[in-house]
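J.: Chains as they are written, first to last, in my numbering: chain A, 1 to 292; chain B, 293 to 584.
Protein chains: 2
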Amino acid sequence: MNAEDLPKNVTIFEVGPRDGLQNESEFIPTDKKIEFINKLTDAGCRRIEVTSFVHPKWVPQMKDAKEVFSRINKKEGVVYNALIPNIRGLELAIDAGLKEVVTIMSSSESHNKKNINMSVDESLREIEEINKKAATFGVKVRSYIATSFGCPIEGYIDPEKVADIGAALESYGSYEISLGDTTGMANPMSAYSIPKLVRSKLKKSSLAVHYHRFNGMELANNLASLQAGITIFDGAAGGLGGCPYAPGATGNTATEIMVEMFERMGISTGIDIEKIKDCGSFAKSLCTLCHI
Amino acid sequence: MNAEDLPKNVTIFEVGPRDGLQNESEFIPTDKKIEFINKLTDAGCRRIEVTSFVHPKWVPQMKDAKEVFSRINKKEGVVYNALIPNIRGLELAIDAGLKEVVTIMSSSESHNKKNINMSVDESLREIEEINKKAATFGVKVRSYIATSFGCPIEGYIDPEKVADIGAALESYGSYEISLGDTTGMANPMSAYSIPKLVRSKLKKSSLAVHYHRFNGMELANNLASLQAGITIFDGAAGGLGGCPYAPGATGNTATEIMVEMFERMGISTGIDIEKIKDCGSFAKSLCTLCHI
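1. Taking Cβ positions only, does N9/A come closer than 9 Å to chain B?
2. Determine, using beta carbons only, whether G543/B and A254/A come nearer to each other than 9 Å.
3. Would you identify the three-state DSSP class for A331/B, choosing helix, strand or coil?
4. Once you ignore the five residues that flank Y192/A on each side, which residues in its own chain have a CB closer than 8 Å to its CB?
5. Who are the near neighbours of E421/B in its chain, counting only those whose CB is closer than 7 Å to its CB and skipping five residues on each side?
6. By the three-class DSSP mapping on this structure, what secondary structure does E170/A have?
7. Is the beta carbon of T322/B sitting closer than 9 Å to the one on N365/B?
8. Any beta-carbon of chain B closer than 9 Å to the one on P295/A?
9. So who's on the other strand from N373/B, going by DSSP bridges?
10. Using only the alpha-carbon positions, how far apart do T11/A and E256/A sit?
11. Comparing the C-beta of M509/B with each C-beta of chain A, is any distance below 9 Å?
12. Could you give the distance in angstroms between the alpha-carbon of A96/A and the alpha-carbon of F69/A?
13. Comparing alpha-carbon positions, which option in H502/B, I396/B and I486/B lies nearest I449/B?
14. When DSSP labels each residue in this structure, what does R434/B get in the three-state scheme?
15. Look at the Cβ atom of R213/A, then the Cβ atom of G180/A, and state whether they are nearer than 9 Å.
16. Compute the distance between the beta-carbons of T51/A and P85/A, then report whether it is under 9 Å.
17. Taking 9 Å as the threshold (C-beta atoms), are V101/A and N81/A in contact?
18. I'd like to check one pair, P188/A with M293/B: are the Cβ atoms closer than 9 Å?
19. Beta carbons nearer than 8 Å to chain A: which residues of the stretch 547 to 561 of chain B have them?
20. Do you know whose CA, among L532/B, C579/B, T474/B and S492/B, lies nearest I522/B's CA?
21. The beta strand (DSSP E) with E100/A in it runs from where to where?
22. Considering S11/A, what are the terminal residues of the alpha helix (DSSP H) in which it resides?
23. When you compare only the Cα positions, how much space is there between N222/A and C279/A?
24. With DSSP collapsed to three states, give me the class of E26/A.
25. Would you call the CB atoms of S470/B and C443/B closer than 9 Å?
26. So, helix, strand or coil for N423/B, using DSSP?
27. Counting only runs that start and end within the stretch 453 to 517 of chain B, where is the beta strand (DSSP E) found for 3 or more residues in a row?
28. State the Cα-Cα distance for the pair N38/A and A237/A, rounded to the nearest angstrom.
29. Which whole-angstrom value describes the C-beta separation of V15/A and D234/A, a residue pair presumed to lie in contact below a C-beta threshold of 8 Å?
30. Evaluate K203/A with the Cβ neighbour count: other Cβ atoms within 10 Å of its Cβ, from every protein chain shown; 16 or more gives buried, anything less gives exposed.
31. Using a Cβ-Cβ cut-off of 9 Å, state whether Q519/B counts as contacting chain A.
32. Is the shortest distance between the beta-carbon of Y192/A and the beta-carbons of chain B less than 9 Å?
33. Show which residues of chain A have a CB atom less than 9 Å away from the CB atom of A385/B.
34. Counting along the chain, where does the alpha helix (DSSP H) carrying F69/A start and finish?
35. Between A512/B, F429/B, S497/B and A335/B, which has its C-alpha nearest E260/A's C-alpha?
36. May I ask which residues mark the beginning and end of the alpha helix (DSSP H) holding G89/A?
Next up, the structure:
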């Protein structure tokens, strides 16, 4: 943990408006979502996942995706992207004018089947198609690999399998891979070794980590990944997220705490601590799940 | 963070019955305190700070110190000790039959004055006397240095000063020094560098760390200290502690979370995870401050 071995700057990828709010059972007014995203922009966030283009039958909370994206204040140099579950989502995102989308699949067969009703191979083929189509529209693709640190159904996931999926996603064109610890199963040892392994298999795509909360251990996990050379960290203002219908699913790493940890360490995030704390409070005010 | 660079075993020093409960405004029945301590013994804790021999005018919650110590189940190989503020406390502890006591002073002049109404030099002289007297009774002395990672009044504390105090305490006979992050001001960088510096100035005394909660960052701080070579970690079951009359004072690192982190990393604590979680729940049931 010598300062000279650590980066001077890191990037926060803010997922609060999407991963944080998607499971809220009561619809959050579109104006509130827009206000939240504008506050994040104002706090200095430069990469924000603002919504999800998914069928409203599955995620009714995100039914206002197009309106949210069209009405937020878009600041020069800030990337606003959205999760898409499939080609249809990509088409909606392109139609709405997005320049970047985010795909998701799980490294666990059982979890992938349960979550998006596809096998791992089917998901890979879908994301290959998404990349092909996105490229023709000049749209960039970021890709999550969920359950990278363990699966609530299968338990242990071979890190080599996660690395192989990462390499496949890179070969399709995904410019960044984010390793998701979907249900808070990582520990500082795996949070160090797994990103290190996956990164060693990537030629040009960048690698991020996406930890869910486990009583504060998520901060230690982010620290361990920093030491493994990771410089891109997913977080949700207020630590939002989690689903009451998915036992074991907890909220995301709270962006404001992660920012404070890095800034105290002398590592710049480009984010204003007081403003991101305000974003956290605002997010919690929207949310009924945030105490999970 | 390679497994071969980290210890295979660590020791938890449990402070819940003292540091966790001392600020509770409602008196906790002696039987409940005893039940808590017995549960900690049963969970596998091998070092437990069970009470404080302090004038009941200052800490009424600990007025049953002698009774608590006399009635707990004392397991072979487990050390039960108590905080003492001064020579008078030592006399009471010796009278009660303790074989180990714990002293406290702050590295910050202002905080030491406010907390125990002595200058740093006066505290050092007092602890020297305590060590002398304790030695004649065969009683071991452990010593806290509070505000080792920053002071809520003075801010920055020169780590060299902390190291000098540690060396002085060692020279008086304290067999172990514990660096306290009294109000959660540490970060992983200081949690690595300060213990490393202090340890380099100690010839034989062991060194422990004592982090208070800061939204989960305490886990990252404990991890950083582990990487700095520390193997003794103070915690309070349930994350108890904190005082409503001392703004900024938060609870201690929750023992059960720290145990889970280390055990997930393959580092043995000797403590049963399920049983220590039960201790955490029990502690919270005693406590009105535990949500601070």
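Note that CB positions come from ideal geometry on N, CA and C, so glycine has one too. A quick note: this is a predicted structure, and the numbers were derived from the prediction, not measured.
T.: On the basis of the supplied data:
1. Residue numbering aside, residue 9/A sits at position 9 when the first sequence is read from its first letter. Cβ-Cβ to chain B under 9 Å: no for N9/A.
2. As a working mapping, residue 543/B is identified with position 251 in the second sequence. As a working mapping, residue 254/A is identified with position 254 in the first sequence. Not in contact: G543/B and A254/A (Cβ atoms no closer than 9 Å).
3. Position 39 of the second sequence, counted from the start, is the residue given in the question as residue 331/B. The sequence shown places Lys at residue 331/B, rather than the Ala named in the question. In the structure shown, K331/B sits in a helix (DSSP, three-state: H, G or I).
4. Translated into positions along the first sequence, residue 192/A becomes position 192. Hits under 8 Å: A224, S225, Q227 and A228.
5. As a working mapping, residue 421/B is identified with position 129 in the second sequence. Here the set comprises I379.
6. As a position in the first sequence, residue 170/A is number 170, starting the count at 1. Here E170/A sits in helix by DSSP.
7. As a working mapping, residue 322/B is identified with position 30 in the second sequence. As a working mapping, residue 365/B is identified with position 73 in the second sequence. With contacts defined by Cβ atoms closer than 9 Å, T322/B and N365/B do not form a contacting pair.
8. Because chain A spans 1 through 292 in this model, residue 295/A falls outside it and cannot be assessed.
9. Translated into positions along the second sequence, residue 373/B becomes position 81. Note: N373/B is bridge-paired with E341/B in the DSSP secondary-structure output.
10. Numbered from its first residue, the first sequence carries residue 11/A at position 11. Numbered from its first residue, the first sequence carries residue 256/A at position 256. About 13 Å.
11. Numbered from its first residue, the second sequence carries residue 509/B at position 217. Interface residue, yes.
12. Against the first sequence, residue 96/A aligns to sequence position 96. Against the first sequence, residue 69/A aligns to sequence position 69. Straight through space, the alpha carbons of F69/A and A96/A are spaced by roughly 7 Å.
13. Within the second sequence, numbered from 1, the residue matching residue 449/B stands at position 157. Looking from the CA of I449/B, the closest CA among H502/B, I396/B and I486/B belongs to I486/B.
14. For this step, residue 434/B is matched to residue 142 along the second sequence. Taken through DSSP and simplified to helix, strand or coil, R434/B comes out as strand.
15. Taking the first sequence and counting its residues from 1, one reaches residue 213/A at position 213. Taking the first sequence and counting its residues from 1, one reaches residue 180/A at position 180. Not closer than 9 Å, so no.
16. Stepping through the first sequence from its first residue, residue 51/A is reached at position 51. Stepping through the first sequence from its first residue, residue 85/A is reached at position 85. No. Outside cutoff.
17. In the first sequence, residue 81/A corresponds to position 81, counting from 1. In the first sequence, residue 101/A corresponds to position 101, counting from 1. Judged by beta-carbon spacing, V101/A lies within the 9 Å limit of N81/A, meaning their Cβ atoms are closer than that value.
18. Walking along the second sequence from the start, residue 293/B turns up at place 1. Walking along the first sequence from the start, residue 188/A turns up at place 188. In this structure, P188/A lies closer than 9 Å to M293/B by Cβ.
19. Of all residues in the stretch 547 to 561 of chain B, only I549, E552, M553, R556, M557 and G558 place a beta-carbon less than 8 Å from a beta-carbon of chain A.
20. By one-based count along the second sequence, residue 522/B stands at place 230. Of the candidates L532/B, C579/B, T474/B and S492/B, the one whose C-alpha sits nearest the C-alpha of I522/B is S492/B.
21. Counted from its first residue, the first sequence places residue 100/A at position 100. Residues E100 to S106.
22. For the purposes of this step, residue 11/A is taken as residue 11 along the first sequence, with counting starting at 1. The question names Ser, but residue 11/A in the sequence shown is Thr. Judged by DSSP secondary structure, T11/A falls outside any alpha helix (DSSP H) and instead within the beta strand (DSSP E) spanning T11 to E14.
23. Residue mapping note: residue 222/A aligns to position 222 of the first sequence, counting from 1. Residue mapping note: residue 279/A aligns to position 279 of the first sequence, counting from 1. Each residue's alpha carbon lies about 20 Å from the other.
24. Counted from its first residue, the first sequence places residue 26/A at position 26. DSSP places E26/A in coil when its eight states are reduced to three.
25. Within the second sequence, the letter at position 178 stands for residue 470/B. Within the second sequence, the letter at position 151 stands for residue 443/B. Here S470/B is not near C443/B, since their CB atoms are 9 Å or more apart.
26. Start at 1 with the first residue of the second sequence, and residue 423/B comes out as number 131. DSSP places N423/B in helix when its eight states are reduced to three.
27. Runs of the beta strand (DSSP E) inside the stretch 453 to 517 of chain B: 468 to 473 and 498 to 503.
28. Mapped onto the first sequence, residue 38/A falls at position 38. Mapped onto the first sequence, residue 237/A falls at position 237. Between the C-alpha atoms of N38/A and A237/A there is a straight-line separation of about 13 Å.
29. Here residue 15/A is taken as the residue at index 15 of the first sequence, counted from 1. Here residue 234/A is taken as the residue at index 234 of the first sequence, counted from 1. Sure, about 5 Å apart at Cβ, within 8 Å.
30. By 1-based counting over the first sequence, the position of residue 203/A is 203. Looking at its Cβ environment, which holds fewer than 16 other Cβ atoms inside 10 Å, K203/A is exposed.
31. As a position in the second sequence, residue 519/B is number 227, starting the count at 1. Under the Cβ criterion of 9 Å, Q519/B is counted among the residues facing chain A.
32. As a working note, residue 192/A is residue 192 in the first sequence. Taking 9 Å as the CB threshold, Y192/A lines the interface with chain B.
33. Position 93 of the second sequence, counting from 1, holds the residue named residue 385/B. Chain-order list of chain A residues neighbouring A385/B: empty, with the shortest C-beta distance near 34 Å, by a criterion of under 9 Å.
34. In the first sequence, residue 69/A corresponds to position 69, counting from 1. Where F69/A is concerned, the enclosing alpha helix (DSSP H) stretches over A65 to R71.
35. Along the first sequence, one-based indexing puts residue 260/A at 260. Answer by Cα proximity: A512/B.
36. On the first sequence, position 89 is the one that residue 89/A refers to. Annotation for G89/A: the continuous alpha helix (DSSP H) segment containing it runs I87 to A96.
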